[in-house]
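Reviewing the structure listed below.
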Amino acid sequence: MSTIDCDTPRSSLGEPAWRAVCKTAAEHAQRGCGLSWDHWVTLFSSEIDAQASRLPEEQRAQALQIAQEWGYATPAERQETQDWNAENGYCSHGIELGYCPSGCDSDY
Numbered sequence: 008m009s010t011i012d013c014d015t016p017r018s019s020l021g022e023p024a025w026r027a028v029c030k031t032a033a034e035h036a037q038r039g040c041g042l043s044w045d046h047w048v049t050l051f052s053s054e055i056d057a058q059a060s061r062l063p064e065e066q067r068a069q070a071l072q073i074a075q076e077w078g079y080a081t082p083a084e085r086q087e088t089q090d091w092n093a094e095n096g097y098c099s100h101g102i103e104l105g106y107c108p109s110g111c112d113s114d115y
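Under my numbering, the first residue of the sequence shown is numbered 8, with each subsequent residue one higher.
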């Protein structure tokens, strides 16, 4: 995924600019998710984490709160979803084993 324009730390969180970052990350995730919600959340949230890490520490919580409007999930929440999927017969993309177009069930 390409880097979104948020490469340099800024002195204040420009909310409109951050919302544009979130919108772009959501669009990128949509193109790569294969219509799987779980995979979309992973793609989107991972990109948001990468972009938020470029912000000054004191702005990250607000940035992540804004990203939740798009469906951002914390790393712990994503891990919980992955654990649930694994325990209930779903692949890492959130698709039932045997139906994932990526062949995730080929190891089983």
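Backbone N, C-alpha and C define an ideal beta-carbon position, used for all residues, glycine too. Please read these numbers as outputs of a predicted model, since none were measured by experiment.
Query	Result
Cβ contact check for the region 57-75 and the region 90-105: 3 or more pairs under 8 angstroms	no
Contact under 8 angstroms by Cβ, residue 20 with residue 75	no
Beta-carbon gap between residue 108 and residue 39 smaller than 8 angstroms	no
Residues that residue 103 bridges to, as DSSP identifies them	97
With 16 other Cβ atoms within 10 Å as the buried cut-off, status of residue 34	exposed
Under the three-state DSSP convention, the category residue 42 falls into	coil
Unbroken alpha helix (DSSP H) run spanning residue 20, endpoints	Looking at the DSSP string, residue 20 is not in any alpha helix (DSSP H), and its letter there is neither H nor E.
Ordered list of alpha helix (DSSP H) runs contained in the region 28-77, each at least 4 residues	44-59 and 64-74
Inter-residue Cα distance where the pair is residue 30 and residue 106	29 angstroms
Which of helix, strand or coil DSSP assigns to residue 80	coil
Cα-Cα separation between residue 112 and residue 98, rounded to whole angstroms	7 angstroms
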